[in-house]
Amino acid sequence: MSDAPQTTIVPADGGRLASYIERIERLEEERKELGADVREIFAEAKGNGFDTKIMRQILRLRKMTPADRAEAEFLRDEYKKLLGID
101 MSDAPQTTIV PADGGRLASY IERIERLEEE RKELGADVRE IFAEAKGNGF
151 DTKIMRQILR LRKMTPADRA EAEFLRDEYK KLLGID
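101 is the number of the first residue of the sequence shown in our numbering; add one for each residue after it.
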């Protein structure tokens, strides 16, 4: 192995770099706006009597595969038994 410092080759295309940066900035702004929209929906649901903590749990469950969901529910039930919660 060499003790020489490793250098990174920097492309000289400033226009392309600026394009990447601007695209990322636009997407980050869109993400911020979408986050605000999601918060508004949760606030509306809460105002109509829904429990937003439970809604967030449901959203997490819906992202899981049936197998992963079954495993998580099994483990949760087992942990509850071990702790005498059930």
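The beta-carbon is built from N, C-alpha and C at its ideal position, and this holds for glycine as well. Note that the structure is predicted; figures quoted are calculated from it, not measured.
Pull up the distance between the alpha-carbon of residue i and that of residue j, whole angstroms please.
i: PHE142; j: MET155; result: 9 Å
i: LEU175; j: GLU129; result: 39 Å
i: GLU140; j: GLU133; result: 11 Å
i: GLY147; j: ASP113; result: 52 Å
i: THR165; j: ALA172; result: 11 Å
i: THR108; j: LEU117; result: 15 Å
i: ARG126; j: TYR179; result: 44 Å
i: ARG131; j: GLN157; result: 21 Å
i: ALA167; j: ILE124; result: 35 Å
i: ALA145; j: GLY115; result: 45 Å
i: GLU122; j: GLY149; result: 41 Å
i: ASP137; j: ARG160; result: 18 Å
i: ASP177; j: LYS153; result: 19 Å
Over the uninterrupted alpha helix (DSSP H) stretch that includes residue i, give me the two end residues.
i: ASP177; result: 166 to 183
i: GLN157; result: 152 to 163
i: ALA112; result: Per DSSP, ALA112 belongs to no alpha helix (DSSP H) and is neither H nor E.
Return the chain-ordered list of same chain residues with a C-beta closer than 8 Å to the C-beta of residue i, the five sequence neighbours on each side being excluded.
i: ARG162; result: none
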